[in-house]
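Notes follow the structure.
Residue numbers (the numbering used here): 129 to 379.
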């Protein structure tokens, strides 16, 4: 067939190709170009920043007993979103950029991107602490442990995200990867996202985005996923919506 869809490691659904019968889920019947994965990466960075800021703010004060399960679920979904995002970068995106940069004789760029995998390893220590504290919270664990782990994670991840966004520009991306290589990377990220993320990560991401960001990130998602499945999947997240950046679905 003459169209393709993929779920990326950022939990974005990207579709491109022929759309004569609306098979891309888009409004117009036309041919869509291969998607630019950079904007998807940057939107998930925004989602991570917002969710982590919420975790730090809420855990800085005592959490009522009736809210502990919902806040623990929110924190654990954030952790899973970050895991899936970083695993996709480490296994798929960064190696391909490094390979392309090396081929283009951009040794400095290859070294910078390759070094981000080491940053991810440093983050894992505090992310593991956050997960452990969140799992203990419903049974009487301390919210202070969540606050401490999340604060340490913030101090490492914010400069890391800023470094990625400074270096991953559209011109630099196009200088190291050919269009076909970008399409193959998207497809590989899609397989990773479906395998490792699934509905829990997808719902967490959706509710971490503004209305406009939801439409930009998921606008080409097939209509039955946008209109039916997302609403069904969101039911398990309902109690945690009070902590979400955006409790509504704009899709």
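Beta carbons: idealized from backbone N, C-alpha and C, even for Gly.
A Cβ-Cβ separation of about 5 Å places residue 259 in contact with residue 207 under the 8 Å criterion.
In this structure residue 245 touches residue 218 by the C-beta definition: roughly 5 Å separates them, less than 8 Å. From the listed residues 248, 227 and 189, the smallest Cα separation to residue 211 is found for 248.
If you check the CB distance, residue 376 and residue 175 do not come in under 7 Å. Taking 7 Å as the cut-off, the beta carbon of residue 329 is found no closer than this to the beta carbon of residue 204. The three-state secondary structure of residue 190, taken from DSSP, is coil. Burial of residue 213 is indicated by the presence of at least 16 other C-beta atoms within 10 angstroms of its C-beta.
Around the beta carbon of residue 308, fewer than 16 other beta carbons sit within 10 angstroms, so the residue counts as exposed. In the three-state reduction of the DSSP assignment, residue 377 falls in the coil class, being assigned neither a helical nor a strand state. Sequence-distant Cβ neighbours of residue 324 in its own chain, meaning closer than 7 Å and more than five residues away, are 212 and 215.
For residue 248, the enclosing alpha helix (DSSP H) has its first and last residue at 235-264.
Residue 252 is classed as exposed because its beta carbon has fewer than 16 other beta carbons within 10 Å across all chains shown. Using a Cβ distance threshold of 7 Å, residue 184 and residue 300 do not count as a contacting pair. For residue 322, the three-state secondary structure derived from DSSP is helix. Judged by DSSP secondary structure, residue 267 falls outside any alpha helix (DSSP H); it is assigned neither H nor E.
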